[in-house]
């Protein structure tokens with residue numbers, strides 16, 4: 539579900555979300571996203587390493603939902619996605635990258 543989202547994509551999505559909240563007068567999220575992507579084009583972004591990560595599902599869930607909001611999904615659909623993924627997350631307490639499709 540998250541494997542195609544790069545670190546740079548995560549940064550862009552977080553920045554668009556934060557700027558939209560801080561400056562609600564800027565309604566054109568796609569334009570903001572284009573500007574940020576243009577500025578970051580020649581940069582590599584790597585996550586900061588933290589030693590003891592128990593679960594990053596909540597963070598990844600927010601990033602996923604923000605990207606789906608940019609894709610134009612309705613608030614009702616986003617709410618349904620959040621509810622279902624929160625139920626799923628309640629059963630797992632480990633980093634997303636360690637989740638496998640099959641146990642073997």
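Residue numbers (this note's numbering): 539 to 642.
Ideal placement from N, C-alpha and C gives every residue a C-beta, glycine not left out.
It should be emphasised that the depicted structure is a prediction, and the values quoted were computed from it without experimental measurement.
In this structure, DSSP gives residue 638 a state outside helix and strand, which the three-state scheme calls coil.
Here DSSP, grouped into helix, strand and coil, assigns residue 543 to coil. The C-alpha of residue 580 is placed about 26 Å away from the C-alpha of residue 600. For residue 621, the enclosing alpha helix (DSSP H) covers residues 613 to 628. In this structure, DSSP gives residue 610 a state outside helix and strand, which the three-state scheme calls coil.
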